Each structure stands twice: as C-alpha cells, then as structure tokens.
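Below you'll find the structure, written out as structure tokens, and then a few comments.
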Amino acid sequence: MQKFFPLLRSLYLCFCFLTYTIAIDTPAKPNEYEQAITQLHQIESTYHRRFVYTADSIENNLVIPPYDPITRQYKQKKHKLQSPPQQLIDNVIPLLETAASNSNPKALITLGDLYLFGNYSLPADYPKAKTYYERAVEIWPDAHAYFMLGFIHSTGLFGEFPIDEKRANLFYQIAAENGDMYALQVMAYRNLKGVGVQSNCELALPYLSKLSKMGFEREKTPIVEVDYNIRIPDFNGGLYGGKLSEMASSVEIPSRVYAELRAQIEEQRLDANDHKYVTYYYNGLEYLKGDYFNDKDYAKAFREFHNCVKLGEEYYGSRDYENVGRIDRIFLSLCQVNLGRMYLEGLYVDKDPQIAQQILQTSLKVKVSSEALNQLGYIAEHGLVGEANQTKAMEYYGWAANQKSGPGSKNMAKLLMKTDGADPVESSESRSLIYKHMRQAAYFGDTDALYYTGSFLESGLAQLVEPEEKVTCQSIALYYREFLKRYTSFYAPHLKYAFEELASGNFENALVGYSLAAEQGYEHAQVSAAYLLYQVQPLYSREETKTFTSDRLNLAVQYLDRASKQGNLDATILLGDIFKGQDESAPIEPDYERAFNYYRIAADRHSSHGAFKLAEMYEYGLGPEDFTIDYFLAKRYYDQSLQYKEKNDIDQALYLKPKYSSAHIHWALLRLRFKHLFSSNGANNRMDDQSNGWFSTLKSLGTKPASEKKAPEQRESISKADAHHYGTDYETEFVENYDIGDYLVISLTFLFFLVFFVQNIIRQVRRMRNGNEERREPPEEARDGAQWNGNQFHFRRGNFEFHFFAI
C-alpha cells in the first residue's frame, strides 16, 4: 500500500491542477444582478417613449388632469399610458428580486429606482421603493439610497407617507458625506436658504465650491445641451396665462423662436435673396441646437450653413464681399461663423482647422463678429495652423473683448494665466488684469467665468487686487449658484427625464423628477412641481372640477414659497390668492394676514398684479391688522399697479408677449371714488381731509375745512412721516386729494343732462305718434332764432336745437 501512496498523491495533484486550469479557462457564470443589468441595457436601447405632446400641440394646450386620491393617479381620459416591455416584467424584475433576496445592495437599489421612477413605463409603487432603499442601507451605506430616503421623507411622496424633515436632513447629510452629488446640492441649498435648518452661508459655501469644481472639470460637449430647467406652466403662458403672468418665459423652442424672428425680418420688405440667408441661418441653427422634442442633427445643420456660405460666395465672392446689403451682411457672416466652427470642432465633418481658418477670416471681411475672433484666437493660441502664436491670439481675444464678448474676456484671462505660469494665480504679476478680464467675462454672461470669479473671490485674489471691495459669503455663493444653474444637464439630469415623462402624459413620474430638482433648489423646478400638484381653477371650464388633497396642496404651497423667496412674482401672488381663499376647491383655511403679506412682497418688487391685489385688500379691509378699510392706500396701490403695468408692457413687447388691458384698474379706481363719495365714518377715509358723508359735505361746501388752515410746516412734517412709513420720497410723490364737492357738481351736471336728454326722447316719441298734422309750427321769428328762459338759453338751427344752462 505504501508503494502506491506516492502514485496516488501524484494523481491527486494532477487532478487538482486540471480542475484549477479548467476553472480559470471557463468564464464564471454571471449572477442574477449582472444578467438583469445586461437585459436592462437591451431594453433601454429599444425602448421609445410615445409622446402625446409635440412642439406645436403643447403650446397653450398643456392640460394637467384631475388627481384621484383613491387610486393615487391622475385621471387619464385623452390618452392611454404605455405598457412596460414584457422582458422587464418576465425576466428583469424576477432576476433582480432573486439577487435582492441574496442581500445584493445594488439589486435592491435598482428595484427601488424602478418602482419610484416608473422607468420603462413600469407602474410606480412607492411603498415597495421605500422598502428596497431601507433594506439596501442596512446592508451597505450607499449614498444614492440615502439620498432617495431623504427625498422620500422630505416630500412624503405627495401624501403617500408623513413628512419628516428631521430624518430627511439626516439622510441628506449622510448621502452628502458619502459624495452623492445631488445630496451635496440639497445641503448647499438648505443651508444657504434656511430650509429645515438655520440659514448659514458659511456651511453652504464648501458644498457649492466642491460642486462647482465637479462641474467645471466635467467632460464638456462642443454644443451646449438643451436646457430642461423650465417652468412647465410657461407652455400655457405662465401661472396666470400669457397676458397676466409677469415672469419671463423659461421655455425656448428654437423652431418657434426662429419662426417669429423670421416673420419679423420678412415684414421689413426684404427681397428674395435676403429671405434665403435668413432661412438658411435659422434652419441651420435649429438643427445645430435641437430642442425639447427634436434631437440635434449636425448633418442637416452643416448642409444649411454650407448652402448659405456657398450662395454668398457666388454673389459677393468675386467682389471681395464689398457692397453687401445690411441684412445679407449680418446673416451671411453668421452662417460663415457656424460653418467654420463645425470644421474646427469636427461636427459632422472631419476636423480641418485650415478650412475653418479660411472661412472665419472671410467672415471678418463680411462683418466683424466676436465669435469669429474667438475661434481665430483659439487656432493661433494652440498652433492648429502653423506654429502657436500667443501674441496673435491675444490680439484676437482683445479685439473680441472690446466688443463686450464674455468668451473673449475669459480667453484673454486664461491666456494671461498660461503665459505667466504662476501657480497659484495670487502670486502672478498679471493678477490684476486676470481678475479684471475674468470678472468682465462673468458680467457679459460667460458660464465658465462664473466659476473662475467665484474661486477668485473665495481664494482672496479679489481682496488682493481690490482691497477696498468687500467680499462676502453671499457674493461668492451667488457666482457658484449661477454656475450650477447653467449646467443643469450635468447637475440635474432628471429634469430631462421629468420633461419626457410629462410629454408622454405620465404626470406622476414627471412630478417625481421635478420634485427632485426642486429639493436641489432650482426655482424653475419648484414652480413646475407646484403646478403638477395644484393648478389655478378657470372661471369657466367644461372640464371636471378639480379637487386637491391637503397633503399635495401643502407641498405645492411649500414649493411656491421657496420659488417666491427666489424672486418669482407669479408664485408670490398665487400664494396670496391661495391664502385669501380665492379657490374654494383648495382645502385650506383663509389666512388674510399671510395673503396680505404675499401681495405686499409682490408690490414691493414692482408687480402690477401684486399691487392691484394689495389695493383690493385695503379697499375691502381684508389685509390690515385691524381689518379696517383704507381707501387712501387702496388708491395709492391702484395707481402703482397702473404705473407698473405701463413699464411691464414695454418688457412684454421685448419678449413678444401679448399685453392685457388696464380697464380693470381704471374701473377699480372709478369704483373706489364712488365708494368714497358715499362712504361714512365707518371707513378710514384719507383720500381727502373730510370724514363725513356726502350730505354733511353738501352743507359745508361754502366753508373752508379746518384742515386746510394747517401751517405749511406741519403739512410738510406729515408728508415726511407718511413717506418714511410707506418707503416713498415725499418730495416727488404726488397724492391726489379729491374734494367731494367736485364729485357732487359732476354728478348733478350729469343728472341735468340726463333729464333733458330723456325729455327730448319723450318729445320726439310723442311727435312721431301724433303725426305731422298735429305738429305745430313755431312762430316765424322763433323758428331759427334764440330764446331766453330764466337761466336757460336755447336756439334752433334747422333740425338741430341747442340748450345752454347755468348752475
């Protein structure tokens, strides 16, 4: 037996070696989670949302259906939602559930996302999603799962769960500490604005700084992505429609904008050639940028710009582009700049800096533009055609900067940093010029310059360059916050998901997406989420009357309040209307004091609509602390509403928005004057110095009121105090005081005319009934003469009779 032991040992070792070799050569069977993810990628490549709205049909036609609190779904009548792919139901979900049962945290989180977001038309199940996230964090401290739990506790998922702000803050904080980018934005916004915590800019600034750096270092695309950070009520003209809404529209559909601009240009009696350049350019720009409903199409964009440039070369190339018409010059140059850019960046065509340089230099002959100068500077700086020439690049950038180009100033500052080579910038000899050009670039709207300027303020460079300038935490945060808003495609990609679900008619999923961005502090998303939760009821509608649950209305109020604090006037006024009890279907107790405060905030921001609402509160005694009627302040704010409207009409014309009539303001002023005319001591009548009714005023018309005998010094002190209280300038303010006797005279005069008019009508009717034979002819001397009758004088000329009387 011992003889065979070495042999058996050798055979065993050989078997183990063969087994190990086979195990290495044979690929491991993928687990259930990996199989599910592979199939999810397949579904994603073949799944297409079916939009129920298009660019043409959504304008002034976005209808949010009523919400059913029993089924917890919007009542869909006009269209049917898509069904989820069978592969998702039969294969993917079972595989993920199997992996989740084996405590795979990634499978648990994927299931949570599927049931919360309703991806691929899967019906949402919020309780299931919450359970999966909670199980996931028990196994592994995943940042995304903590962020989603924070979102669930912050919103209650619109009435599904009770809101718990303390737990929401805790989960958001844990997610932020684990590096979740969305949680970092939430914590920055909450600390900056004091949402759920005490406002503390110093705590918010590190979050904003980290986020801005992440966005600045991201992989950039040559063409800016479509910005889905919009207010969805703007498709209907705004929260109050196209005429009454005072906020500028956030929606930009290039095809619609360019069509309006083309129509305006064509109204200038252009010839056919001008029409061609305009059409080529705007068509190309539409394909180059894309919009919410149409993807970019670089091939078509290249074709349009190429045809435009070719047409210009045929007409003007032989004359070296001299004697080009004004309109031709503008749009031909724009076509050349965009075509040169496509060659420079390799959009649809292979990169060819030499051709790009030739086209851009030709465009300077047609019309000097900052875009062409910046691109030529880039070619010279990086030596794309010949050797690098930084001096030439600086000339181009300086030329562009002198034309108030943000990119030109930014490129100049960056080139100065590059040539100086100092690190950090604070030690550079050119730091003053660098800071000056970068701040100027931020002022002219360059996005990257916002990040640079914020970092210069934070690092202390601004204090070195301009010691007298006070740098505050709020000013630094302002630059970083604006930088984040410009790149929502990176910081809030769920905004695109939200819009696509909205366009597909899946309003509940859209609400989830917009609420996520609202939590991150985006004002547009806050309004969009609020609009999906609550809509203003029209005075007359054939649609079913909507009802709102208190949970969803309270969340809508919360988002509207946050938007109001970020400067949204329409949201501020809507909050006033809600608390005023204007909508009887809204389950909320009227709170006139809060309504009054919201209207006052809007009026202080020069809102015509807000001033009108505030005037109504004073007119009916709903707003002040003692609930007294104050016609004086009512008239003041009606007048302000009229003034603000005139200014707003100018702004509306710039945005091509329709204007509404001011008849309601004039009618309110007329109504107010008649109320004041017949009012008694019950109202606080400060429109004039009299506080009695019209009868006592009639008796004292000949008596000079005692108030008019006040010394000028006393009147001036009263005016100063009044101006100080209401925040106006007493030297320039004019308050019109109406004497009630004036109204009485006007009314009596009107009555006299009315009496004579009625008498004449009766006389004419009697004459027609009696016939011509009973008509008596006047004496010859009085037929076309004049007669006196006491204090009345009248005369006749032919068929016309004139009456004059004295009062």
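For the sequence shown, the residue numbers in mature numbering (1 follows the signal peptide of the UniProt record, and there is no 0) are -23 to -1, 1 to 784. All residues carry an ideal CB built from backbone N, CA and C; glycine is no exception. On a predicted model such as this, the values are computed, not experimentally measured, just so you know.
What distance in whole Å lies between the Cβ atoms of ALA588 and TYR621, which are believed to be in contact at a cut-off of 8 Å? As a position in the sequence shown, residue 621 is number 644, starting the count at 1. As a position in the sequence shown, residue 588 is number 611, starting the count at 1. Indeed, because the Cβ distance is near 6 Å, the residues count as touching under 8 Å.
Out of GLY323, LEU238, PRO231, GLU237, state which residue places its alpha-carbon closest to the alpha-carbon of TYR275. Looking up residue 275 in the sequence shown gives position 298. Out of GLY323, LEU238, PRO231, GLU237, GLY323 has the C-alpha closest to the C-alpha of TYR275.
Buried or exposed by the 16-neighbour rule on C-beta atoms within 10 Å, applied to GLU179: Within the sequence shown, residue 179 is the residue found at index 202, counting from 1. Classification of GLU179: exposed, given that the 10 Å Cβ count is below 16.
In whole angstroms, give me the CA-to-CA distance for LYS381 and GLN543. The residue given as residue 381 occupies position 404 in the sequence shown. The residue given as residue 543 occupies position 566 in the sequence shown. Their Cα atoms are separated by approximately 28 Å.
Close Cβ partners of PRO231 (< 6 Å) along its chain, the five nearest in sequence each way excluded: Position 254 of the sequence shown, counted from the start, is the residue given in the question as residue 231. Cβ within range, chain order: GLU263, LYS266, ASP268.
Any idea if HIS56 is buried or exposed, counting beta-carbon neighbours within 10 angstroms, 16 or more meaning buried? Start at 1 with the first residue of the sequence shown, and residue 56 comes out as number 79. Its Cβ having fewer than 16 others within 10 Å, HIS56 is exposed.
GLN50 - partner residues in DSSP beta bridges: Counted from its first residue, the sequence shown places residue 50 at position 73. Answer by DSSP bridge pairing, in chain order: ASP45.
Sort TYR149, LYS253, GLY136, TYR468 by Cα distance to HIS121 and report the nearest one. Translated into the one-based positions of the sequence shown, residue 121 becomes position 144. Among TYR149, LYS253, GLY136, TYR468, the Cα nearest to that of HIS121 is on TYR149.
Exposure of HIS586, with buried meaning 16 or more beta-carbon neighbours within 10 Å: On the sequence shown, position 609 is the one that residue 586 refers to. So HIS586 counts as buried.
Host alpha helix (DSSP H) of TYR103 (start-end): Numbered from 1 along the sequence shown, position 126 holds the residue referred to as residue 103. Looking at the DSSP string, the run of the alpha helix (DSSP H) that includes TYR103 is 103 to 116.
Assuming contact is defined by CB atoms lying nearer than 7 Å, are TYR184 and PHE484 in contact in what I supplied? Within the sequence shown, numbered from 1, the residue matching residue 184 stands at position 207. Within the sequence shown, numbered from 1, the residue matching residue 484 stands at position 507. Not closer than 7 Å, so no.
Starting from the C-beta of ARG156, find all residues in its chain whose C-beta is less than 8 Å away, skip the five residues before and the five after it, and write them out in chain order. By one-based count along the sequence shown, residue 156 stands at place 179. Reading off the sequence shown, one finds Gly at residue 156, where the question assumed Arg. Counting only Cβ-Cβ distances below 8 Å, and skipping sequence neighbours, we find ALA120.
Should ARG613 go down as buried or exposed, given a rule of 16 or more other Cβ atoms within 10 Å for buried? Counted from its first residue, the sequence shown places residue 613 at position 636. So ARG613 ends up on the buried side.
Spatial neighbours of ILE578 in its chain, beta-carbon cut-off 8 Å, leaving aside the 5 residues before and after: Position 601 of the sequence shown, counted from the start, is the residue given in the question as residue 578. The residues are SER541, THR549, GLY587.
Taking its Cβ as the centre, do 16 or more other Cβ atoms sit within 10 Å of LEU488, making it buried, or is it exposed? Taking the first residue of the sequence shown as position 1, residue 488 is located at position 511. Per the 10 Å Cβ criterion, buried.
Counting pairs of Cβ atoms below 8 Å between the region 498 to 505 and the region 126 to 139, do you hit three or more? The region 498 to 505, when compared against the region 126 to 139, does not touch it at the 8 Å Cβ threshold.
Could you check which residue in LYS328, ASP329, ASN388 has the C-alpha nearest to that of TYR355? Counted from its first residue, the sequence shown places residue 355 at position 378. When only C-alpha atoms are compared, the closest one is ASN388.
Is PHE573 closer than 7 Å to residue 789 when the C-beta atoms are compared? One cannot answer for residue 789 here, as it falls past the ends of the chain, which runs -23 to 784.
Reduced DSSP secondary structure (H/G/I, E/B, other) of ASP626: Here residue 626 is taken as the residue at index 649 of the sequence shown, counted from 1. Residue state, collapsed to three classes: helix.
Between the CA atoms of ILE606 and ALA160 - distance to the nearest angstrom: Working through the sequence shown from its first residue, we reach residue 160 at position 183. Working through the sequence shown from its first residue, we reach residue 606 at position 629. Each residue's Cα considered, the two are about 49 Å apart.
Which first and last residues belong to the alpha helix (DSSP H) in which residue 787 is found? The structure shown does not extend to residue 787, since the chain is modelled only from -23 through 784, so no value can be given for it.
Whose C-beta lies closer than 7 Å to the C-beta of ASP141 among residues of the same chain, with five residues either side of it excluded? In the sequence shown, the residue the question calls residue 141 occupies position 164. So the qualifying residues of the chain are HIS130.
Which residues in the same chain as LYS69 place their Cβ atom closer than 8 Å to its Cβ, once the five residues preceding and following it in sequence are excluded? Walking along the sequence shown from the start, residue 69 turns up at place 92. Sequence inspection shows Val at residue 69; the Lys mentioned does not correspond to that position. So the qualifying residues of the chain are ALA13, GLN16, LEU17, ILE20.
Just verifying my parser: in three-state terms, what is the DSSP assignment at LYS686? Counting from one through the sequence shown, the residue named residue 686 turns up at place 709. Confidence at LYS686 is low in this model, with a pLDDT of 43, below 50, so its placement is unreliable and the value that follows should be read with caution. Three-state result, LYS686: helix.
Excluding the five sequence neighbours on either side, which residues of its own chain have a C-beta within less than 7 Å of the C-beta of GLN367, listed in chain order? The residue labelled residue 367 in the question sits at position 390 within the sequence shown. So the list reads GLU358, LEU392, THR396, once near-sequence residues are dropped.
Using the Cα positions of ALA370 and MET415, report the straight-line distance between them to the nearest angstrom. Working through the sequence shown from its first residue, we reach residue 370 at position 393. Working through the sequence shown from its first residue, we reach residue 415 at position 438. ALA370 and MET415: Cα-Cα distance of roughly 17 Å.
Contained alpha helix (DSSP H) runs [length at least 4] in the region 134 to 177, N- to C-terminal order: If we require 4 residues or more, the alpha helix (DSSP H) runs fully inside the region 134 to 177 come out as 142 to 154, 158 to 170.
What is the residue span of the alpha helix (DSSP H) that LEU392 lies within? Against the sequence shown, residue 392 aligns to sequence position 415. Its alpha helix (DSSP H) spans residues 383 to 397.
What three-state label does DSSP hand ASP568 in the structure shown? Residue numbering aside, residue 568 sits at position 591 when the sequence shown is read from its first letter. Coil at ASP568, not helix or strand.
With a threshold of 16 other CB atoms inside 10 Å of the CB of GLY261, please say whether the residue is buried or exposed. Along the sequence shown, read from residue 1 onward, the residue named residue 261 stands at position 284. So GLY261 counts as buried.
Confirm, please, whether the CB-CB distance from ASP547 to MET224 is below 7 Å. Within the sequence shown, numbered from 1, the residue matching residue 224 stands at position 247. Within the sequence shown, numbered from 1, the residue matching residue 547 stands at position 570. Closer than 7 Å, so yes.
In three-state terms, what does DSSP make of ASP538? Taking the first residue of the sequence shown as 1, we reach residue 538 at position 561. ASP538: helix per DSSP, three-state reduction.
Rounding to the nearest angstrom, what Cα-Cα distance links LEU169 and ALA533 in this structure? Numbered from its first residue, the sequence shown carries residue 169 at position 192. Numbered from its first residue, the sequence shown carries residue 533 at position 556. Straight-line Cα distance between these residues: approximately 21 Å.
Smallest Cα separation from THR108: which of ASN96, TYR97, LEU126? As a working note, residue 108 is residue 131 in the sequence shown. THR108 has its Cα closest to that of LEU126, out of ASN96, TYR97, LEU126.
Between the Cα of THR48 and the Cα atoms of TYR24, TYR10, GLU137, which residue gives the shortest distance? Taking the sequence shown and counting its residues from 1, the one referred to as residue 48 is at position 71. Among TYR24, TYR10, GLU137, the Cα nearest to that of THR48 belongs to GLU137.
Between GLU435 and ILE453, which are expected to be in contact by the criterion C-beta below 8 Å, what is the C-beta distance as a whole number of angstroms? Here residue 435 corresponds to residue number 458 of the sequence shown, with the count starting at 1. Here residue 453 corresponds to residue number 476 of the sequence shown, with the count starting at 1. The Cβ separation is near 5 Å, so the contact holds.
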